[in-house]
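K.L.:
Please read through the structure below; I'll follow up with questions.
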Amino acid sequence: MLRDITLGQYYQTDSVIHRLDPRVKLTATIVFIIGLFVVDNIWGYVLAALFLACIIRLSHVPFRFMVKGMKAIVFLLVLTVVFNLFLTPGEPLFSLWKLTITKEGLRTAIFMAVRLSFLIIGSSVMTLTTTPNNLTDGMESLLNPLKKLKVPVHEISMMMSIALRFIPILMEETDKIMKAQIARGADFESGSLIRKARSLVPLLVPLFISAFRRANDLAMAMEARCYRGGEGRTKMKPLVYKQRDYMAYVVLAVYFASCVVVGNLLF
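If you use the numbering used here, the sequence shown corresponds to residues 139 to 405, in order.
This is the structure in structure tokens:
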């Protein structure tokens, strides 16, 4: 399951989405997430699904590759659905002992599950189609106005990019450690929930050691190359908007306006 986490990975291929400016993709991801919270009816989610399907189609990233990333959040999805299903007051539909499923709870649970799924897939599209370097440059460019407030924009962008890049690396490291411990007789599957939690303790210790070692190696590599932050640094490939980027902004504006309109409709 750890190998199924796609957030932070880059899928190498040639597509319209890959060639877009990273600032466009970052803005599109933010607008898409905001749009998911603007809409609150079935037609709004249909619109979001169609928009996301078109983006995935244009990205040339296999749909199976994106969907397998959902396996990592199945527990979170189930937890969200259960809480909204049984803890939302409203018109009762079904009662089991002291638990009651309401009409409003069922609607909220379905919408929250769909919203969370779209959010994860939409964020994965950005990381799968954008290299870490371009992601850092895009973040720094979008946050550039904050430099006037003495905010270390370059450092923040680099930290976020490194964090995203380390997700698949640490997951792969966790998978190796688990397989090594299973080969030595460790059991991570059987037993109660408390026993499973205790069995993870021997896994966390070497994982943290490995993470700190990688962080130290990265810091030493940056120090050896005389890295001193973003002040006065130049870029080998400066970001320049092209015609397709402006067209993407227009499409994005139309989509968000449609979300606002559809979000105000009552069905």
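Glycine is no exception: its CB is placed at the ideal position from the N, C-alpha and C atoms.
In angstroms with no decimal places, state the Cα-to-Cα distance between S255 and A321.
P.N.:
Taking the straight line joining both Cα atoms gives about 34 Å.
K.L.:
Roughly how many whole angstroms lie between the Cα atoms of N222 and V177?
P.N.:
Going from the Cα of N222 to the Cα of V177 covers about 18 Å.
K.L.:
Using a threshold of 8 Å, state whether the C-beta atoms of G260 and T167 are closer than that.
P.N.:
Against a cut-off of 8 Å, the Cβ pair of T167 and G260 comes out as a contact.
K.L.:
With distances taken Cα to Cα, identify the nearest neighbour of N402 among G173, T165, A301, M298.
P.N.:
Residue G173 is the option with its Cα nearest to N402.
K.L.:
Skipping 5 residues on each side, what residues in its chain have a beta carbon closer than 8 Å to that of S396?
P.N.:
L185, listed in sequence order.
K.L.:
Could you check where the beta strand (DSSP E) with T240 kicks off and where it finishes?
P.N.:
Here the beta strand (DSSP E) through T240 covers 237-240.
K.L.:
Exposed or buried, F201, counting other C-beta atoms within 10 Å across all chains shown (16 or more means buried)?
P.N.:
By the 10 Å Cβ count, F201 comes out exposed.
K.L.:
Report the rounded CA-to-CA distance for M139 versus V392, giving the unit in angstroms.
P.N.:
Here M139 scores only 48 on pLDDT, less than 50, and its place in the model should not be relied on; the value that follows carries that caveat. In a straight line, the C-alpha of M139 is about 37 Å away from that of V392.
K.L.:
Measure the beta-carbon distance from I258 to M208 and round it to whole angstroms, keeping in mind my assumption that it falls under 8 Å.
P.N.:
The pair is a contact, with the Cβ atoms about 6 Å apart (cut-off 8 Å).
K.L.:
Distance, Cα to Cα, T240 vs V219?
P.N.:
The straight-line gap from Cα to Cα measures roughly 13 Å.
K.L.:
From this set, L281, L302, V291, which residue's C-alpha is nearest M264's C-alpha?
P.N.:
The shortest Cα separation from M264 among L281, L302, V291 belongs to L302.
K.L.:
Measure the alpha-carbon distance for I332 versus T226 and round it to whole angstroms.
P.N.:
Taking the straight line joining both Cα atoms gives about 29 Å.
K.L.:
Which parts of the stretch 257-343 are runs of the beta strand (DSSP E), unbroken and 3 residues or longer, counting only runs that do not cross its ends?
P.N.:
The stretch 257-343 contains no whole beta strand (DSSP E) run of 3 or more residues.
K.L.:
Taking only three categories from DSSP, how would you classify P230?
P.N.:
Residue state, collapsed to three classes: strand.
K.L.:
Output needed for T151: all residues of its chain with C-beta closer than 6 Å, excluding positions within five of it in sequence on either side, in chain order.
P.N.:
The residues are H198.
K.L.:
Can you give the beta carbon distance from V154 to L190, rounded, assuming they're within the 8 Å contact cut?
P.N.:
V154 to L190, Cβ: 15 Å. No contact.
K.L.:
Who are the near neighbours of L390 in its chain, counting only those whose CB is closer than 6 Å to its CB and skipping five residues on each side?
P.N.:
Closer than 6 Å at Cβ, skipping near neighbours: A166, V169.
K.L.:
Considering K163, what are the terminal residues of the alpha helix (DSSP H) in which it resides?
P.N.:
First-last of the alpha helix (DSSP H) with K163: 160-176.
K.L.:
From E361 to P340, what does the alpha carbon distance come to, in whole angstroms?
P.N.:
In a straight line, the C-alpha of E361 is about 32 Å away from that of P340.
K.L.:
So is T246 buried or exposed if we call it buried at 16+ other beta carbons inside 10 Å?
P.N.:
Burial call: buried.
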